[in-house]
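Going down the list, the protein sequences come from chains A and B. Counting with this note's numbering, you get residues 1 to 462 for the letters of the first sequence. Counting with this note's numbering, you get residues 1001 to 1253 for the letters of the second sequence.
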Amino acid sequence: MTEIMLKEKILETFRNNRDFLEKTIFQKNIRDKAIDQFDKLGFPHTKLEEWRFTSLSAVLKNDYSICLENTGGNVDVEKFFHCNVADLDTYTAILLNGWFVYKNAPVTKFPDGTIIGSLLHAMKEFPELVKKHYGKYSDIDNNAFDALNTAFAQDGIFIFVPDNVGVDKPIQIIDILNRQENVLVQLRNLVIVGKNSKLTLVHCDDIFSHNPTLTNSLTEIFVDENAVVDHYKMQNNNNHSALIATTYFHQENNSRVTTNTITLNGGLIRNNLNVAVNGEGCETNLYGIYLADRNQLVDNHTFVDHIKPNSTSKELFKGVIDEQAKAVFSGRILVRKEAQKTNAFQANKNLLLTDEATVNTKPNLQIYADDVKCSHGATVGQLDQDAMFYMRSRGIGEDNAKMLLMYAFADEVVTKISIDALREKICRLVNKRLKGELSICDQCVLHCGSDEQVVFNIDLSK
Amino acid sequence: MLSIKNLKVSINNKKIINGFNLEVKAGEVHAIMGPNGTGKSTLAAAIAGKENLEITEGEIIYKGKNLLGMAPEIRSREGIFLGFQYPVEIPGVSITNFLKTAVNEHRKYKGIEPLSASEFLKLMDEKKKIVELQAKLTNRSVNEGFSGGEKKKNEIFQMAMLDPTLAILDETDSGLDIDALKIVANGVNKLRTKNNAFIIITHYQRLLDYIIPDFVHVMYNGRIVKSGGKELSFELEEKGYDWIKKELENSEL
């Protein structure tokens, strides 16, 4: 299989299933336009600045089946999956291979007007709501994966929080991927948070599949005036998996967005985190921690677009890179001419544990306004040898000393997690991960580990 | 307890310690004095096991065991403690976590059960009193944001927690005001027993007003050039180091 063959296969699958796919979108021609764009752009390659350090060639050599049939519906996920974050009380929404899983109804409407459910069903039940935001923040003209997703994605999570509602519990989205074959999965989420409302979103990616998989996930989050969104992205994937996770935030006046991207394990992970600060008085905090070893590659591309004046963005990403692993960070900040009095700060710090571990970090500030405060910084370093000797001279063994130092390094980001139960869990997981006790093959974040393939009984008649 | 014979140490091929000899017995306090750059701190680091030192000749025998080639953590568990001249700040590692790990690794080495959380906190409270550490340590990172005096008190506090047999205090008096100096010296005196020994490395005599040494050694150019009782330190305080340098030059002629 070559990249060109895979692209051909994708285009052909689209042509053969065009009529079927048309039925699962609220508006005509959206998919046609997107597939044309994908055809034009093709898969990204290392000659593009945005993909210079992340080669997809190994991932695109695999033959993937493109499954279009619904694997969601009434699947009893509790049989094989339970979230073991103690004391984390959430509303849970689960996607299995990109399809919404539910027991009773595909869409749940709460008394306060909050809606959680399947995007596929929301398109039918609330077409006006979906239409207003769907595809409005993503960028199919310039981003091949956005185009590919828009051409194929049929289901995902839909969350709507009306004005003046503080959702009482965090909403947890769990993306589970588990297939017996190589698959290419597109999933799509849409989150709308109304004026003066508050939402905490915990978004977990869990890829159990033992086969090579390529997941292209796209999430659009609209944050209206005065709204507050806390967003956690937890990634603990199989080493054979490739994940392109793209998130678009759109902020209106005086809104506040805090994101935490926590990458514990994964084969290849590319996070595209984009925030359009389209309001005054906004606050945006982007935090991230990534731990990579073996031949893993973790790539965080962030983009904060300051469109309006008087807003503040802060960004801190930290990574521990071990063995032959590779990390990439690119932090782009754009301060437009109109965005006077912007404060934008960015830092990326990396700890390399071996000579073979690599990191490519690139801050990228484009400032067109003249009255702004902006800063950026990137560091790449090894463990502090003076601190190592100090600890060992107190009787702490080399491994434990190393672990304490790595943990201390990660701690600066972990302490930013504001949900107590989640922070404690992440604390323990980071600890375990750094000790080498956590690996997706035998243990995963939210799921007690058995090495057995999980088999689903899915009733397709529904 | 400790026997150092003909020790020669280089850093980046530069000879720092050049034929150093010292015998320390249980219950003794030895003071090592000398001008800057004579190898006092390198000697301390060599006993504690710092890794970038090249030990080209000689031996360090501690309780019958050869220390050379022994990892610093094993030396510590065997009862050696180094009080640092410049204690290292470790942001993000809490003192509690740091000391709990250390204490329990010591216990594991000796084959005893680890301390429970409450037993450990009790021990901390008890030992904090020795150096009059009032600050709440629990939520603070190791040495981070500590004043010079707090850092040195923290060294003695750690020493009290680990209860060593041989403690080397490297310029523990530097940067201390007189009150802090008394507290630190008092802490050391409380920990003195007939079973342990101290090597006090210092530049000035004033610490020795409070910790009375049994022996005073003058180190120059990487070896001991003069030894005596505590009266030697008074002589040094009065005359400085120049008379020793001169004496040495004369004898070499």
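We put the CB at the ideal spot given by N, CA and C, even for glycine.
Taking the alpha carbon of A/L383 as the point to measure from, which residue in A/L365, A/S393, A/G395, A/F409 has its own alpha carbon closest?
What you label residue 383 of chain A is simply residue 383 of the first sequence in a count that begins at 1. Closest option to A/L383, Cα to Cα, is A/F409.
So with Cβ pairs under 7 Å, would you call B/V1131 a contact of chain A?
The residue labelled residue 1131 of chain B in the question sits at position 131 within the second sequence. No, B/V1131 lies away from the interface with chain A (no Cβ there is under 7 Å from its Cβ).
Would you say B/I1090 lies against chain A (beta-carbon separation less than 7 Å)?
In the second sequence, counting from the first residue as 1, residue 1090 of chain B sits at position 90. Answer yes: the Cβ-Cβ gap between B/I1090 and chain A drops below 7 Å somewhere.
Cβ closer than 9 Å: which chain A residues qualify as neighbours of B/S1076?
Walking along the second sequence from the start, residue 1076 of chain B turns up at place 76. Within chain A, the residues near B/S1076 are R392, S393, R394, G395, I396.
Determine the burial state of A/I419: buried for a count of at least 16 other Cβ atoms within 10 Å of its Cβ, exposed for fewer.
In the first sequence, counting from the first residue as 1, residue 419 of chain A sits at position 419. Per the 10 Å Cβ criterion, buried.
Under a three-way DSSP split, which group does B/V1188 fall into?
Here residue 1188 of chain B is taken as the residue at index 188 of the second sequence, counted from 1. Here B/V1188 sits in helix by DSSP.
So within the stretch 20 to 88 of chain A, which uninterrupted alpha helix (DSSP H) runs reach at least 4 residues, ignoring any that extend past its ends?
For the stretch 20 to 88 of chain A, whole alpha helix (DSSP H) runs of length 4 or above, ordered along the chain, are 30 to 41, 57 to 60.
Classify B/Y1109 as helix, strand or coil using the three-state DSSP reduction.
As a working mapping, residue 1109 of chain B is identified with position 109 in the second sequence. Residue state, collapsed to three classes: helix.
Ignoring anything shorter than 3 residues or poking outside the stretch 348 to 396 of chain A, list the beta strand (DSSP E) runs there in chain order.
You should have 358 to 367, 373 to 381.
Going by beta-carbon coordinates alone, are A/T114 and A/V167 separated by less than 7 Å?
Taking the first sequence and counting its residues from 1, one reaches residue 114 of chain A at position 114. Taking the first sequence and counting its residues from 1, one reaches residue 167 of chain A at position 167. Yes, Cβ-Cβ distance for A/T114 and A/V167 is below 7 Å.
Using 10 angstroms around the beta-carbon of B/D1177, count the other beta-carbons present and answer buried if the total reaches 16, otherwise exposed.
For the purposes of this step, residue 1177 of chain B is taken as residue 177 along the second sequence, with counting starting at 1. Answer is exposed; the Cβ neighbour count stays below 16.
Residues in its own chain within less than 6 Å of A/T473 by CB, not counting five upstream and five downstream?
No information on residue 473 of chain A is available, as it lies outside the stretch 1 to 462 that chain A covers here.
Taking its Cβ as the centre, do 16 or more other Cβ atoms sit within 10 Å of A/E12, making it buried, or is it exposed?
Translated into the one-based positions of the first sequence, residue 12 of chain A becomes position 12. Looking at its Cβ environment, which holds fewer than 16 other Cβ atoms inside 10 Å, A/E12 is exposed.
For A/A408 and chain B, any beta-carbon pair shorter than 7 Å?
Here the question's residue 408 of chain A lines up with position 408 in the first sequence. Closer than 7 Å to some Cβ of chain B, the Cβ of A/A408 qualifies, so yes.
Tell me the DSSP bridge mates of A/L214?
Numbered from its first residue, the first sequence carries residue 214 of chain A at position 214. The partner list for A/L214 (beta bridge, DSSP) reads A/L184, A/A242.
Give a yes or no on whether the C-beta atoms belonging to A/V335 and A/I307 are separated by under 7 Å.
As a position in the first sequence, residue 335 of chain A is number 335, starting the count at 1. As a position in the first sequence, residue 307 of chain A is number 307, starting the count at 1. No; because the gap between Cβ atoms is not below 7 Å, this pair is not in contact.
A/Y407 by DSSP, collapsed to three states: which one?
Here residue 407 of chain A is taken as the residue at index 407 of the first sequence, counted from 1. If DSSP states are grouped into helix, strand and coil, A/Y407 belongs with the helices.
Grab the span of the beta strand (DSSP E) containing B/V1131 for me, first residue to last.
As a first step, residue 1131 of chain B must be located in the second sequence, where it is residue number 131. Careful: B/V1131 lies outside any beta strand (DSSP E) and carries neither H nor E.
Under a three-way DSSP split, which group does B/I1212 fall into?
Here residue 1212 of chain B refers to the residue found at position 212 of the second sequence. If DSSP states are grouped into helix, strand and coil, B/I1212 belongs with coil.
Please name the residue or residues paired with B/H1217 in a DSSP beta bridge.
Within the second sequence, residue 1217 of chain B is the residue found at index 217, counting from 1. B/I1032, B/S1227.
What span of residues does the beta strand (DSSP E) with B/V1093 cover, start to end?
In the second sequence, counting from the first residue as 1, residue 1093 of chain B sits at position 93. Segment 1090 to 1094, the beta strand (DSSP E) holding B/V1093.
May I have the straight-line CA-CA distance separating A/I440 from A/F20, to the nearest angstrom?
Taking the first residue of the first sequence as 1, we reach residue 440 of chain A at position 440. Taking the first residue of the first sequence as 1, we reach residue 20 of chain A at position 20. With a pLDDT of 41 at A/I440, under the threshold of 50, the predicted position of this residue should be treated as unreliable, though the coordinate-derived value follows. Whole-angstrom Cα-Cα distance: 36 Å.
Output the distance between the C-alpha atoms of A/I35 and A/N226, rounded to the nearest integer angstrom.
On the first sequence, residue 35 of chain A is found 35 positions in, with the first residue counted as 1. On the first sequence, residue 226 of chain A is found 226 positions in, with the first residue counted as 1. Going by the C-alpha atoms only, they are around 36 Å apart.
At what residues does the alpha helix (DSSP H) containing B/F1157 begin and finish?
If you number the second sequence from 1, residue 1157 of chain B lands on position 157. 1148 to 1162 is the span of the alpha helix (DSSP H), which, as asked, contains B/F1157.
With a 10 Å radius around its C-beta and 16 neighbouring C-beta atoms as the bar for buried, classify A/F152 as buried or exposed.
Working through the first sequence from its first residue, we reach residue 152 of chain A at position 152. When all chains shown are included, A/F152 counts as buried.
Going by C-alpha distance, which of B/L1236, B/E1249, B/T1096 is nearest B/K1122?
Numbered from 1 along the second sequence, position 122 holds the residue referred to as residue 1122 of chain B. Cα-wise, what sits closest to B/K1122 is B/T1096.
Mind reading off the beta-carbon distance from A/H203 to A/K233? Whole number of angstroms is fine, and I expect it under 8 Å.
Translated into positions along the first sequence, residue 203 of chain A becomes position 203. Translated into positions along the first sequence, residue 233 of chain A becomes position 233. The pair is a contact, with the Cβ atoms about 5 Å apart (cut-off 8 Å).
Identify, in the order they occur along the chain, each residue of the same chain with its Cβ nearer than 8 Å to the Cβ of B/E1051, setting aside the five sequence neighbours on each side.
On the second sequence, position 51 is the one that residue 1051 of chain B refers to. Correct list, in chain order: P1072.
CB-CB under 7 Å to A/E252, same chain, minus the five flanking residues each way: which ones, in chain order?
Looking up residue 252 of chain A in the first sequence gives position 252. Result list for A/E252: V223, D224, E225, N278, G279, in chain order.
So if I threshold CB-CB distances at 9 Å, which residues from the stretch 1030 to 1050 of chain B count as touching chain A?
Result list: A1045, A1048, G1049, K1050.
Measure the C-alpha to C-alpha separation of A/R31 and A/L120 and round it to an integer number of angstroms.
The count along the first sequence starts at 1 and reaches residue 31 of chain A at position 31. The count along the first sequence starts at 1 and reaches residue 120 of chain A at position 120. A/R31 and A/L120: Cα-Cα distance of roughly 15 Å.
When burial is assigned at 16 or more other CB atoms within 10 Å of the CB, is B/E1113 buried or exposed?
Taking the first residue of the second sequence as position 1, residue 1113 of chain B is located at position 113. Per the 10 Å Cβ criterion, exposed.
When DSSP labels each residue in this structure, what does A/D459 get in the three-state scheme?
Counted from its first residue, the first sequence places residue 459 of chain A at position 459. Because the pLDDT of A/D459 is 31, which lies under 50, any placement of that residue in the model is unreliable, and the question is left without a value.
Could you pull out every residue in the same chain whose Cβ sits closer than 6 Å to the Cβ of B/T1142, ignoring the five residues on either side in sequence?
For the purposes of this step, residue 1142 of chain B is taken as the residue at position 142 of the second sequence. Reading off the sequence shown, one finds Val at residue 1142 of chain B, where the question assumed Thr. Around B/V1142: I1090, V1093, I1095, F1098.
State the DSSP-derived secondary structure class of B/E1235, mapped to helix, strand or coil.
Here residue 1235 of chain B refers to the residue found at position 235 when the second sequence is read from its first residue. It is helical.
Can you grab the Cα-Cα spacing for the pair B/L1181 / A/L297, in whole Å?
Position 181 of the second sequence, counted from the start, is the residue given in the question as residue 1181 of chain B. Position 297 of the first sequence, counted from the start, is the residue given in the question as residue 297 of chain A. Their Cα atoms are separated by approximately 53 Å.
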